[in-house]
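Undergrad:
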Ligand code: PRP
Ligand code: URA
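In this note's numbering, the protein residues as written are 67 to 281.
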């Protein structure tokens with residue numbers, strides 16, 4: 067995994083070959099909605115492995131058929147917070163790896179003209195402050211949506227937060243890092259730029275539309 071220096075240790079680009087192969091297939095404009103959805107799920111599962119790598123554990127003893135083994139369990143509960151809609155497509159994959167996670171939902175869409183985020187739904191678990199939080203959205207474009215999402219989970223008391231995305235624009239990473247320098251960003255790619263409509267280039271198009279077949 068590569069750490070990009072401009073953002074210190076707060077930007078993690080997951081270069082694992084399986085992630086990169088699946089991302090390349092997901093970017094392909096010819097991929098069907100079903101294929102795209104499946105790939106996002108698989109990539110999210112692989113990236114969840116990286117994002118949880120340094121979560122604290124506590125020791126446990128387990129009675130095996132032959133004796134006592136020393137093992138470990140996660141110290142804290144995990145809360146996944148997908149940003150609706152597109153975050154749902156990745157949350158499914160993370161849940162396959164962490165089925166015990168709680169899930170909070172944040173509904174946010176970008177105003178098409180101003181590109182400003184509009185929050186329309188907020189339902190977080192009550193104990194989010196005591197948990198490791200992973201905010202999930204495949205696209206970090208201007209960074210507006212993720213930035214307000216992270217403000218919302220902080221307002222609910224969360225202090226240990228990471229952002230899981232798939233493709234990020236440099237503008238979005240800068241926005242995120244300026245607003246929330248304490249939050250590490252995990253992405254599979256940092257693309258060139260945003261176009262005049264605020265879309266990531268080359269990106270993969272509109273993630274929500276490709277997941278849900280609404281284009
Ligand atoms: C997309 C995407 C992010 C946001 C990224 O959502 O899933 O949430 O745009 O853009 P930003 O970094 O400039 O804020 P969209 O607004 O299209 O909503 P949808 O997922 O409901 O389609
Ligand atoms: N939202 C998307 O789904 N794709 C982009 O490129 C930018 C915002």
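Note that beta-carbon positions come from the ideal geometry of N, C-alpha and C, so glycine has one too.
Take residue 92 as the anchor and find which of 129, 108, 192 has the nearest alpha-carbon.
TA: The shortest Cα separation from residue 92 among 129, 108, 192 belongs to 108.
Undergrad: Does the beta-carbon of residue 211, which I'm using as the reference point, lie nearer than 6 Å to any heavy atom of ligand 1?
TA: Yes, the Cβ of residue 211 comes within 6 Å of a heavy atom of ligand 1.
Undergrad: Could you check how far apart the C-beta atoms of residue 183 and residue 210 are, in whole angstroms? I think they sit under 8 Å.
TA: Indeed, because the Cβ distance is near 4 Å, the residues count as touching under 8 Å.
Undergrad: Quick check: the segment 103-117 against the segment 227-235, are there 3 or more CB pairs under 8 Å?
TA: A contact exists between the segment 103-117 and the segment 227-235.
Undergrad: Have a look at 191, 206, 226, 175 and flag the residue whose alpha-carbon is nearest the alpha-carbon of residue 199.
TA: Ranking the options by Cα distance to residue 199, first place goes to 226.
Undergrad: Just verifying my parser: in three-state terms, what is the DSSP assignment at residue 255?
TA: Strand, per DSSP.
Undergrad: Let me check understanding here. Comparing Cα to Cα, which of 276, 134, 257, 218 lies closest to residue 195?
TA: Nearest of 276, 134, 257, 218 to residue 195, Cα basis: 218.
Undergrad: Can you give the Cα-Cα distance for residue 130 and residue 139, rounded to whole angstroms?
TA: When rounded, the distance between both Cα atoms is 16 Å.
Undergrad: Taking all protein chains shown into account, do 16 or more other C-beta atoms lie within 10 angstroms of the C-beta of residue 190, making it buried, or fewer, making it exposed?
TA: Burial call: buried.
Undergrad: I need the boundaries of the beta strand (DSSP E) containing residue 246, first residue and last residue.
TA: Taken as a continuous stretch (DSSP letters only), residue 246 belongs to no beta strand (DSSP E), as it is neither H nor E.
Undergrad: Taking the alpha helix (DSSP H) that residue 277 falls in, what are its first and last residues?
TA: Residue 277 -> alpha helix (DSSP H) spans 273-278.
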